[in-house]
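**Q**
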Amino acid sequence: MTSGNSVRVVAAGDHFVLPSLITRAVRHEVERADVEELRLGWPLEPFGPVAEVQEASDAEDRMIEALAGAEVLVTQMGPVTERVLAACPDLKLVVVCRGGPVNVNLDAAKNRDVRVCFAPGRNAAATAEFTVGLMLSALRRIPQAHAPLAGQGSWEGATYYTYEQSGLELEDLPVGLVGYGAVGSRVARVLCAFGARVMVYDPYVHGEIHGLRVTSLDDLLRRSRVITLHARLTPETRGLIGARELGLLPSGAVVVNVARGPLLDEGALCDALESGRVSAAALDTYEREPLPAESRLLALADRVVLTPHLGGASRAVAEKAARIAAEEVGRWVRGEPLAHCLT
Numbered sequence: 237m238t239s240g241n242s243v244r245v246v247a248a249g250d251h252f253v254l255p256s257l258i259t260r261a262v263r264h265e266v267e268r269a270d271v272e273e274l275r276l277g278w279p280l281e282p283f284g285p286v287a288e289v290q291e292a293s294d295a296e297d298r299m300i301e302a303l304a305g306a307e308v309l310v311t312q313m314g315p316v317t318e319r320v321l322a323a324c325p326d327l328k329l330v331v332v333c334r335g336g337p338v339n340v341n342l343d344a345a346k347n348r349d350v351r352v353c354f355a356p357g358r359n360a361a362a363t364a365e366f367t368v369g370l371m372l373s374a375l376r377r378i379p380q381a382h383a384p385l386a387g388q389g390s391w392e393g394a395t396y397y398t399y400e401q402s403g404l405e406l407e408d409l410p411v412g413l414v415g416y417g418a419v420g421s422r423v424a425r426v427l428c429a430f431g432a433r434v435m436v437y438d439p440y441v442h443g444e445i446h447g448l449r450v451t452s453l454d455d456l457l458r459r460s461r462v463i464t465l466h467a468r469l470t471p472e473t474r475g476l477i478g479a480r481e482l483g484l485l486p487s488g489a490v491v492v493n494v495a496r497g498p499l500l501d502e503g504a505l506c507d508a509l510e511s512g513r514v515s516a517a518a519l520d521t522y523e524r525e526p527l528p529a530e531s532r533l534l535a536l537a538d539r540v541v542l543t544p545h546l547g548g549a550s551r552a553v554a555e556k557a558a559r560i561a562a563e564e565v566g567r568w569v570r571g572e573p574l575a576h577c578l579t
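Numbering follows the working numbering, in which position 22 of the sequence shown is assigned residue number 258; successive positions increment by one, without gaps.
#1: What residue ranges within the region 330-368 form continuous alpha helix (DSSP H) runs of no fewer than 4 residues, ordered along the chain?
#2: Does the contact criterion of 3 or more C-beta pairs under 8 Å hold for the region 251-262 versus the region 555-575?
#3: In angstroms with no decimal places, state the Cα-to-Cα distance between Cys225 and Glu400.
#4: Terminal residues of the continuous beta strand (DSSP E) containing Ala311?
#5: If you reduce the DSSP assignment to three classes, tell me which class Tyr437 lands in.
#6: For Thr395, count neighbouring C-beta atoms within 10 Å of its own C-beta (all shown protein chains included) and say buried if the count is 16 or more, exposed if not.
#7: Would you check if there are 3 or more beta carbon pairs closer than 8 Å linking the region 345-352 to the region 521-533?
#8: I'd like to check one pair, Ala495 with Ala362: are the Cβ atoms closer than 9 Å?
#9: Helix, strand or coil for Val243 per DSSP?
#10: Could you pull out every residue in the same chain whose Cβ sits closer than 6 Å to the Cβ of Gly415, ignoring the five residues on either side in sequence?
#11: Return helix, strand or coil for Val569, following the three-state DSSP convention.
#12: Here's a check: name, in chain order, each residue in its chain whose Cβ is nearer than 8 Å to the Cβ of Pro410, leaving out the five neighbours to either side.
#13: Under DSSP, the alpha helix (DSSP H) around Val580 begins and ends at which residues?
#14: List in chain order: all unbroken alpha helix (DSSP H) runs of 4+ residues lying wholly within the region 462-517.
#15: Express the C-alpha separation of Gly548 and Asn359 in angstroms, rounding to a whole number.
#16: So what's Pro325 in DSSP terms, helix, strand or just coil?
#17: Looking at C-alpha atoms only, which residue of Gly478, Gly412 and Leu574 is the closest neighbour of Val450?
#18: Verify whether the separation of the beta carbon atoms of Val441 and Ala364 is less than 9 Å.
#19: Return yes when the Cβ of Pro379 is within less than 9 Å of the Cβ of Glu392, no when it is not.
#20: Between Val330 and Ala345, how many whole angstroms is the CB-CB distance? I'm expecting something under 8 Å.
#21: Please classify Ala575: does DSSP put it in a helix, a strand, or coil?
#22: When you compare only the Cα positions, how much space is there between Ala418 and Gly357?
#23: Using CA atoms only, rank isn't needed, just tell me which of His576, Arg319, Val569 and Leu500 is closest to Val243.
#24: Do Val308 and Asn341 have their C-beta atoms closer together than 9 Å?
#25: Assign Gly277 to one of three DSSP states: helix, strand, or coil.
#26: Could you pull out every residue in the same chain whose Cβ sits closer than 6 Å to the Cβ of Glu572, ignoring the five residues on either side in sequence?
#27: For chain B, find out if any of its Cβ atoms is closer than 9 Å to the Cβ of Pro337; answer yes or no.
#28: Is Pro337 buried or exposed, if buried means 16 or more other CB atoms sit within 10 Å of its CB?
#29: Can you tell me whether Gly412 is helix, strand or coil according to DSSP?
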């Protein structure tokens, strides 16, 4: 907690969580805060912890300059590396407006007694809604029907109005959820409202769920016409859905992933799409981001719906993130326990 009459806060926002959103939220929480805005232009999604990103030196210099004399940093993607922390001895609190502080060197922060907080749950509703949107898009081939009509004025998308080409509807459709956290549980509720036959596999969740609990992943896959992934990415879940698992799905199944790209073996998915074992896929996350130009997925446009990691991109998410971060700043200033602290 700061002991002076004011606290200097640097709001290092970007093109999504705007500096003005952070500033407004912090000033609402802490009337005596002196907030300096800093606009930083990193992409929404990192390629790894900033401590491992060699090209971040210019960004580090800007951060060090902005943090001179500051006790608090609220940021979306600003790099908080060992070098930044060493150059900013006044810094006591870092709050990251994301579900995890991927841009902070946690070990270095802990060694310097800098508290690091994050903003969990800020995008659960947005990601759940996006998941259902992608699922419907893949099932009903909405993007494939849109493209020729909007692009060339062609009515060829009407060929989907045949028994062979038409898609599936959610009502009575067996849909399997792999994971039942903040996002998965919301998706389950929405799918139940559509009348889908929801099944859930999550060995870490107990108690009441929306849908039928299935005790093994293999059983879930065998029974699901659609699977949607909502598991955390851990060493155990990396590559969770590979060639063997895709082979357990009923022929013509649909795969949806708005969670983490490495949960799914993209090569195995492409094989299954090309063979027809999987009829469609809807993906918002990938093994490599941005999606490389040589990705096999790009040659499967008639069977895939691809979006560039937008599941958590809504205005409400940016506003929630700024508010959650500001609430942590308020707790720190008042000497109250921090709600989402990792160091």
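A virtual CB, placed ideally from N, CA and C, is assigned to each residue, including glycine.
From a predicted model like this one, the values you see are computed outputs, not experimental measurements.
**A** Taking the coordinates as given:
#1: 342-347
#2: yes
#3: Nothing can be reported for residue 225, as the shown portion of the chain is limited to 237 through 579.
#4: Rather than Ala, the amino acid found at residue 311 in this sequence is Thr. Element bounds for Thr311: Val308 to Thr311.
#5: Three-state DSSP puts Tyr437 in a strand.
#6: Thr395 should be labelled exposed.
#7: no
#8: no
#9: strand
#10: Listed in chain order, the non-local C-beta contacts of Gly415 below 6 Å within the same chain comprise Asp438, His466 and Ala467, local neighbours out to five positions each way being set aside.
#11: helix
#12: Ala432, Arg433, Met435, Arg459, Ser460, Arg461 and Val462
#13: The shown model of the chain, from 237 to 579, leaves out residue 580, and the question about it has no answer.
#14: As far as the region 462-517 is concerned, its whole alpha helix (DSSP H) runs of at least 4 residues are 479-484 and 502-511.
#15: 5 Å
#16: coil
#17: It is Gly412 whose Cα lies nearest to the Cα of Val450.
#18: no
#19: Not a contact, by the Cβ cut-off of 9 Å.
#20: That belief holds up - the Cβ atoms of Val330 and Ala345 are roughly 7 Å apart, short of 8 Å.
#21: coil
#22: 7 Å
#23: Val569
#24: no
#25: Caution applies to Gly277, whose pLDDT of 48 falls short of 50 and renders its modelled position unreliable; the value that the coordinates give is listed next. Correct three-state label for Gly277: coil.
#26: Closer than 6 Å at Cβ, skipping near neighbours: no residue.
#27: Considering every chain present, this structure includes no chain B. It has just one protein chain.
#28: buried
#29: strand
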